[in-house]
Amino acid sequence: MTEIQSTKTQPDCDVVVVGSGFAGIYALWQARQRGLSVKGFERGSDVGGTWYWNAYPGARCDVESYNYAYFFDNDIVRDWDWSDACAGQNEIQRYLRFVAERCDVLKDISFNTKVLAARYDEDSGLWSVQTSVGDTVLCRYTILAIGALSDPKAPDIEGVDDFAGEAYFTSSWPKDGSVDLRGKRVGVIGTGSSGIQVIPEIAKLAAEVTVFQRTANYVAPTSAGPMDQQLVSALRADPQATRRAFRETYGGHTPMGMGDERFLELDAAGRERALRRAWDGKYIGLAFRDAYLPEANAAISDFIRQRMQEQVEDPWTAEHLVPWDHPYGGKRPCQSDVYLQTFNQLHVRLIALPETPIERIVAEGIKTSAETIPLDVIIYATGFDAISGPVLAIDISGLSGKSMKDAWADGPVNYLGTMVHGFPNLFLPSSAMSPSVLSNMATLAEQQIDFIFDTIEWLDQHGRPLLHPLPASQDHWRKETLRYAERRPGALTTKSWYSGANIVGKPRLFMVYCGGFKRYNETCYGEIENDFPGYELLESRRKSDRVRVSK
Ligand code: N01
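For the sequence shown, our numbering assigns the number 17 to the initial residue and increments by one for each residue that follows.
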């Protein structure tokens, strides 16, 4: 465990915010709005979080820009124009910079500073937060706004360090333009959302592209393209009404295109018609009102497989690019209008790892069970230690010195996706058991940060006790999370990062609350309205004074 030594007894600030993505920027702003002193830490050199690091060619959000944005400030909503219905990485990072400047929070952030450890002190009821530049900051509340997909998975392939060529990760792509793939032999490992976006871009430059695919993914048409200006105007007309309306939906966004007929009430021709309409309308996952039924999901899965195969000329490649092993939605589905056609180019080749697995990486390239493929560059699009990974990457200890690693030894536990028993006044937005990656993360960031600061305000109004959830609340929340996951086709039967299955040795537990945004929001605010029945209030042994902020 990291040793934190401090002789200080008074807090340096009220709140420490770690991370400056969607949640972090908004948390810094909220702290100031509520008269709290705040310090922010960011390991990157700029704001953006996931949109700072994942700067690989082709990186783009597949949630529409008019949904994937802040709505807390009317001027911000009206003064930013998106260039595409699904913005690219660079534009989203510029947007986050724009918001951070508008909110005047840059002054509060220490960049290039990683938080290494956080320790709760029972005497003072304060948190000590230790950084990579040697600072130790004492605060009353710690908010880990560190994202769900910010801890890249280390390559679990033998010989990674033996490779003599260049190697890059999509999750930490160099931002200085130094990567030059022109005329090179490039191997890409991984065909999740990142791989599917980067591969067509690499194929435009490289002499040869070899794609190493372990599991095929569903690929449906993208919504990228011109904005629906009428819809954007309607959302902008009253941003606060839009904000409230988002929280009334299942996914935390403007109501999505959806089939208006039920699978069970249609004959074969009607089902085919509904599926074609949904494919063209780019809402294939919701082709039917009852798309959640296993039989409807099976029809959707079959339909997508057929459409995918039609786009690929070589029959062997077409067959292998299609996911046969899991239903649609079991893993996060991907969107692209160009990925599958990329394999029709003569210099692009698919290696199906279940048939010819990688044996090891060698100096000259990648050795499979069938051959050694010579490469100049390897690109790892191999994903993340998702959701719980970023939390466990920080050395956290709470009451009685218990570490988060011990508390989460069997997988993450928490209540309402934000607090953990034994870790008073520590908040974990976008971590496990929240709607997180199965909702609109921008809406979730605002909702969770609002909930956290409304909680802090309640504590301040009630004599500043310390708060942590009851073990029974955590048990209940874990059961609720599993109960809703059971209703989601493929959620509990597919090997995916949703349940930690992509990391060797990681406890298998479905980590996303699928009860819907509306229910989640109502449960959170039910706690505040009823004086936190699911939590325990504690007093610190020595009450510390709150730091007044000079504004
Ligand atoms: O990561 P992934 P990602 N040998 O984990 C393979 C969000 N996102 O960065 O499936 C061989 O999905 C692995 O194979 P398998 C989005 O939420 C959004 O692509 O484990 N292969 C898989 O194919 C997304 O879901 C956007 O069998 C290995 C791939 O690497 C999440 O980020 C864009 C391997 C990893 O796929 C993560 O996406 C990008 C090995 N040893 C990301 N290890 C948009 O909004 C791993 N793989 C569009």
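Glycine residues also receive a C-beta, built at the ideal position from the N, C-alpha and C atoms.
| task | Would you mind reading off the limits of the beta strand (DSSP E) that contains VAL32? | result | Unbroken beta strand (DSSP E) run through VAL32: 29 to 34.
| message | Please identify the residue among ASP139, SER36 and ASP177 whose C-alpha is closest to the C-alpha of CYS119. | response | The residue with the shortest Cα to Cα distance from CYS119 is SER36.
| Sorted by chain position, which residues of the same chain lie with C-beta nearer than 7 Å to ALA448's C-beta, five sequence neighbours on each side aside? | Cβ neighbours of ALA448 beyond the five flanking positions: ILE403, SER404, PRO428, ASN430, GLY433 and MET527.
| query | Rounded to the nearest angstrom, how far is the Cβ of LEU291 from that of ALA307, given a contact under 8 Å? | reply | Between ALA307 and LEU291 the Cβ distance is about 10 Å, and since that is not below 8 Å, they are no contact.
| message | Tell me the rounded alpha-carbon separation between LYS200 and SER194. | response | The straight-line gap separating the alpha-carbon atoms of LYS200 and SER194 is approximately 14 Å.
| request: For HIS478, count neighbouring C-beta atoms within 10 Å of its own C-beta (all shown protein chains included) and say buried if the count is 16 or more, exposed if not. | output: Exposed, since its Cβ has fewer than 16 Cβ neighbours within 10 Å.
| field | Neighbourhood of LEU369 by C-beta distance below 8 Å, restricted to the same chain and skipping five residues each side | value | Result list for LEU369: PHE228, GLN229, ARG230 and THR384, in chain order.
| said: Alpha carbons only, please: which of LYS169, GLN322, THR388 and LEU454 is nearest the one belonging to TYR500? | reply: Taking only the C-alpha atoms, the option nearest TYR500 is LEU454.
| query | When the Cα atoms are used, what is the spatial distance from ASP167 to ASP411? | reply | Taking the straight line from one Cα to the other gives about 14 Å.
| Are the segment 252 to 271 and the segment 89 to 98 in contact at 8 Å, needing three or more beta carbon pairs? | With the rule of 3 Cβ pairs closer than 8 Å, the segment 252 to 271 counts as touching the segment 89 to 98.
| Own chain, CB closer than 6 Å to LYS191, minus 5 neighbours either side, in chain order | Answer for LYS191: ALA71, listed in chain order.
| said: Taking the alpha carbon of SER512 as the reference point, which residue from GLN361, GLY208, ALA423 and ASP491 has its own alpha carbon closest? | reply: In terms of Cα proximity to SER512, the closest of GLN361, GLY208, ALA423 and ASP491 is GLY208.
| query | Nearest to ARG59 by CA position, among LEU132, ARG113 and PHE38, is which residue? | reply | Minimum Cα distance to ARG59 is reached at LEU132.
| request: Could you tell me whether any non-hydrogen atom of the ligand N01 is closer than 8 Å to the CB of ALA75? | output: Set against 8 Å, the gap from the CB of ALA75 to the closest heavy atom of the ligand N01 is smaller.
| Three-way DSSP call (helix, strand, coil) for SER556 in this model | Correct three-state label for SER556: coil.
| message | How far does the alpha helix (DSSP H) with ALA284 in it extend, from its first residue to its last? | response | Where ALA284 is concerned, the enclosing alpha helix (DSSP H) starts and stops at 284 to 297.
| field | Beta-bridge pairing of SER155 - partner residues as DSSP gives them | value | It should be noted that the sequence gives Cys, not Ser, for residue 155. CYS29 and TRP143.
| Residue range of the alpha helix (DSSP H) that THR459 falls in? | Annotation for THR459: the continuous alpha helix (DSSP H) segment containing it runs 457 to 477.
| said: Helix, strand or coil for GLU371? Go by DSSP, reduced to three states. | reply: Correct three-state label for GLU371: coil.
| Own chain, CB closer than 7 Å to VAL80, minus 5 neighbours either side, in chain order | It is Glu, not Val, that sits at residue 80 in the sequence shown. These residues qualify, in order along the chain: ALA101, CYS102 and SER239.
| Can you pull the DSSP bridge partners for GLY381? | Answer is VAL378 and PRO390, bridged to GLY381.
| Alpha carbon to alpha carbon, what distance is there between PHE533 and ILE13? | As shown, the chain starts at 17 and ends at 567. That puts residue 13 outside it, with no answer to give.
| field | Where the beta strand (DSSP E) through ILE173 begins and ends | value | Careful: ILE173 lies outside any beta strand (DSSP E) and carries neither H nor E.
| Helix, strand or coil for SER416 per DSSP? | Helix, per DSSP.
| message | Could you compute how far the alpha carbon of GLU552 sits from the alpha carbon of GLU264? | response | In this structure, the CA atom of GLU552 is about 29 Å from the CA atom of GLU264.
| Got a sec: does the ligand N01 put a non-hydrogen atom nearer than 8 Å to the Cβ of ARG230? | With a cut-off of 8 Å, the C-beta of ARG230 is classified as near the ligand N01, since at least one heavy atom of the ligand falls inside that distance.
| query | Taking 9 Å as the CB-CB cut-off, is GLY433 touching chain C? | reply | Reference to chain C is not applicable here, since this structure consists of a single protein chain.
| If you measure from the CB of ARG260, is any heavy atom of the ligand N01 nearer than 8 Å? | Result no, Cβ not under 8 Å from the ligand N01.
| request: Report the rounded CA-to-CA distance for THR333 versus PHE400, giving the unit in angstroms. | output: THR333 and PHE400: Cα-Cα distance of roughly 27 Å.
| task | Figure out for me which residue from THR497, ALA409, SER489 and GLY414 has the closest Cα to the Cα of ALA452. | result | The sequence given here has Ser at residue 452, not Ala. Between SER452 and the set THR497, ALA409, SER489 and GLY414, the nearest pair of CA atoms involves THR497.
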